[in-house]
Each structure stands twice: as structure tokens, then as C-alpha cells.
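S.K.: For the sequence shown, position 30 (counting from the first letter as 1) is numbered 30 according to this note's numbering, and the numbering increases by one without interruption.
Please see the structure below; I have some questions.
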Amino acid sequence: MAIILDGKALASKMKEEIKAEVAELNANGVFPKLAVILVGEDPASQVYVRNKGRDCEEVGIVSQTIVLPAETGREDLTELIRSLNADDSVHGILVQLPLPDGLDDSEITQLIAPEKDVDAFSYYNVGRIMTGDYSFVPCTPAGCMELIKLSGISVEGKNCVVIGRSNIVGKPMAMLLMQANGTVTVCHSRTRDISGITNRADIIVVAIGKQGFLTGDMIKEGAVVIDVGINRCADGKLRGDCDFESCAAKASYITPVPGGVGPMTRVMLLKNTLNAAKIQEVSKNV
Ligand code: BQF
């Protein structure tokens, strides 16, 4: 029976540390600030944005949420991001994705100044992740890595399998595991014989958005299962991409949904914002 990795508890411990660091910066006259832009009225996005504001408040990071109508044009959004880029009091800028129809997620994301890009989606920050020389990591893969490390799980030399190849999770996740000296295989919708690959994995990260995809018969005894999936089911409950019961019966460690990767993802945004503030304030003083 697997040990359940309590992301919620680890995240609140990390929050306390971040809170202390923010207080220290405050004492030196630095007030870390995050600007969050929400375009439109997608209910899930509204919840995520509200939570981001709350998280900031809890650790003493100043946050500003800017809500724009779904019909906002790219010119207006561009103008807003330009003004936030130029605003010295703002250290981090985040555009909540997905954007409504008519706005291109990746085009808009690229407008954020790299030093304020706390989601690390800009090409500059993606490139830095690729080379292993980075200050921001996309929040979800960063949260997974932190969860793995804080749980005392070693990646070095392990067979790591990432299921999913998105730019936001799968690809950067593979890079971070490689950085940590894992041997990494990335599986996706065209992969043949996924079971043959997952059955040899020591560490599996699932991020495909298919509820219950990874089942116990696909993993080996003692595997570590990190579940990134967030699927809202017909019964109103959140479930992950793995079939929890059958995987937990064989795994050594497993993350629950909710309460696993999600809370770690949230806290990594705070960490990236704190880092952004530190870096920008240092560069102001030289
Ligand atoms: C949990 C996100 C898809 C698209 C845009 C805790 C979150 C989720 C789950 C959360 C996500 C997913 C966020 C749990 C932020 C993660 O306990 O299981 C927290 O708030 N997330 C987002 O801002 O945009 C998304 C997923």
C-alpha cells in the first residue's frame, strides 16, 4: 500500500517559509507584487484567479487582479501588459489561461517581460529551462519536483516516465527530471504500448487530462506515481489521471487528487513571484 504524498501539508509548510521571506523583504522596503490578468468569465479560471489572490494575501505578497471582458481585443491586452512591464512596483505578471476565443494564448504570453514572467511560458524562460540555468520554472512541473524532493524521493538514475507532452506540463517536466539525473521517457497519444513503458518506470508523472487513465496493471510494484490530472467528474468530484485505488495498491508513493500536485502548483507561483521581486530589486541597486 502506497504512502500518500500530502501536497496540501507540504504546500502550507512552504507558504510559511515564503511568508517569512516576504516579511524580510518588507523590512527592507521591498513589497513583492503580482499582477493577474483574467479575460472573460470562464468559471474555472475565475476560481483559479481568486485563489491566486488569496494565496498572495496569505503570505504578504501584494496582488492586483485585472478583469477584462471576453471581447477584449489584442491591442488593449497588449497595451495593458506593456504598462505592467514598465511598472517598477510590479514584479510578476500572469495572464490566466486559456484566453477566450479570438485571443492567442501563446502570442499574448510572449508579451510579458521575461523577468516578470512568473509562469515561465515565454520563449526566453523556456530556453533557460532547456539549458538548466533558470530562475522561474512553470508552476506545475516545479510543484511536482518539489513534492518529489521534499518527500525524500531520489530521481538520480531512475527510470522516469512522463505521460503527456504539453508545453505547460509534460515537456518542462521531462527537462526537470533530466536535470535531476533521471532517465526520461515521454509518452503521448501516439505512443505504442504505453503499458510496456510504464511497467518499467520507477517514477511516473501523468498529465494528460484523462480520468483514471493510469491503472495498477500498468505500473510496477513500488513505483512512484505523480498525478497531475484535474478532472471534474459527473458526481461533482475532482479526480486525477490515475485510477487511485489500483495504483495505490502497487505504488510506493502516490499523490492524491485533490490535495496532491495542485496545492504545490499554487505555492510555486508564490515562490516564482518572490524570486522575481528579489532579482528585480537587486538589479535596481546596481
Ligand atoms: C487540488 C489549471 C488547467 C488549466 C488552467 C489545487 C489547483 C488545482 C487543484 C489550482 C490549474 C490547475 C491552475 C488542486 C491552478 C492547478 O487540490 O487538486 C489547486 O488552483 N491550479 C490554473 O491557474 O490554471 C489552470 C489547470
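We put the CB at the ideal spot given by N, CA and C, even for glycine.
What you are looking at is a predicted structure, and each value in this text was computed from that prediction instead of being measured.
(1) Identify whether Asn181 lies in helix, strand or coil by the three-state DSSP scheme.
(2) What does a CB cutoff of less than 7 Å around Leu99 pick up in its chain, not counting 5 residues either side in sequence?
(3) Does the region 122–134 touch the region 192–206, meaning 3 or more C-beta pairs lie closer than 8 Å?
(4) Using the C-alpha atoms, what's the distance from Val186 back to Lys171?
(5) Taking the alpha-carbon positions, what's the Asp101 to Glu281 distance?
(6) Tell me whether Arg200, by its Cβ, gets closer than 7 Å to a heavy atom of the ligand BQF.
(7) Straight-line CA distance for Leu80 to Met178?
(8) Evaluate Gly143 with the Cβ neighbour count: other Cβ atoms within 10 Å of its Cβ, from every protein chain shown; 16 or more gives buried, anything less gives exposed.
(9) Could you tell me whether any non-hydrogen atom of the ligand BQF is closer than 7 Å to the CB of Ile230?
(10) Starting from Asp227, trace the beta strand (DSSP E) in both directions and tell me its first and last residue.
(11) Lys13: buried (16+ other C-beta within 10 angstroms of its C-beta) or exposed?
(12) One question on the structure: do Val169 and Gln96 come within less than 8 Å of each other, judged by their Cβ atoms?
(13) Which same chain residues, not among the five before or five after Pro114, have their C-beta less than 7 Å away from its C-beta?
(14) Can at least three beta-carbon pairs, one atom from the region 78–92 and one from the region 12–27, be found at a separation below 8 Å?
(15) Please classify Lys237 as buried or exposed, where buried requires at least 16 other C-beta atoms within 10 Å of its C-beta.
(16) Among the residues of its own chain, which have a CB less than 7 Å from the CB of Thr78, if the five just before and after it don't count?
M.R.: Reading it off the structure:
(1) The residue you call residue 181 lines up with position 181 of the sequence shown. Asn181 falls in the coil class under three-state DSSP.
(2) Taking the first residue of the sequence shown as 1, we reach residue 99 at position 99. Result list for Leu99: Val39, Asp105, Ile108, in chain order.
(3) Touching, no.
(4) The residue given as residue 171 occupies position 171 in the sequence shown. The residue given as residue 186 occupies position 186 in the sequence shown. Answer to the nearest angstrom: the Cα atoms are 8 Å apart.
(5) One-based indexing of the sequence shown puts residue 101 at position 101. One-based indexing of the sequence shown puts residue 281 at position 281. Taking the straight line joining both Cα atoms gives about 37 Å.
(6) Here residue 200 refers to the residue found at position 200 of the sequence shown. Checking every heavy atom of the ligand BQF against the Cβ of Arg200, none is found closer than 7 Å.
(7) The residue you call residue 80 lines up with position 80 of the sequence shown. The residue you call residue 178 lines up with position 178 of the sequence shown. Rounded to whole angstroms, Leu80 to Met178 spans 37 Å at the Cα level.
(8) The residue given as residue 143 occupies position 143 in the sequence shown. With 16 or more other Cβ atoms inside 10 Å of its own Cβ, Gly143 counts as buried.
(9) Taking the sequence shown and counting its residues from 1, one reaches residue 230 at position 230. With a threshold of 7 Å, the Cβ atom of Ile230 counts as near the ligand BQF, since some heavy atom of the ligand is closer than that.
(10) Along the sequence shown, read from residue 1 onward, the residue named residue 227 stands at position 227. Run containing Asp227: 224–227, per the beta strand (DSSP E) assignment.
(11) Translated into positions along the sequence shown, residue 13 becomes position 13. By the neighbour-count rule (16 or more Cβ atoms within 10 Å), Lys13 is not buried but exposed.
(12) Working through the sequence shown from its first residue, we reach residue 169 at position 169. Working through the sequence shown from its first residue, we reach residue 96 at position 96. Going by C-beta atoms, Val169 is not nearer than 8 Å to Gln96.
(13) Residue 114 sits at position 114 when you count from the first residue of the sequence shown. Residues of the same chain with a CB within less than 7 Å of the CB of Pro114, apart from the 5 flanking positions on each side, are Ser122, Tyr124, Asn125 in chain order.
(14) The answer is no - the region 12–27 does not touch the region 78–92, with fewer than three Cβ pairs under 8 Å.
(15) Residue numbering aside, residue 237 sits at position 237 when the sequence shown is read from its first letter. Residue environment: Lys237 is assigned as exposed (fewer than 16 neighbouring CB atoms within 10 Å of its CB, all protein chains considered).
(16) Within the sequence shown, the letter at position 78 stands for residue 78. Cβ-Cβ distances below 7 Å link Thr78 to Leu111 in the same chain, with the five nearest sequence neighbours on each side left out; the list follows chain order.
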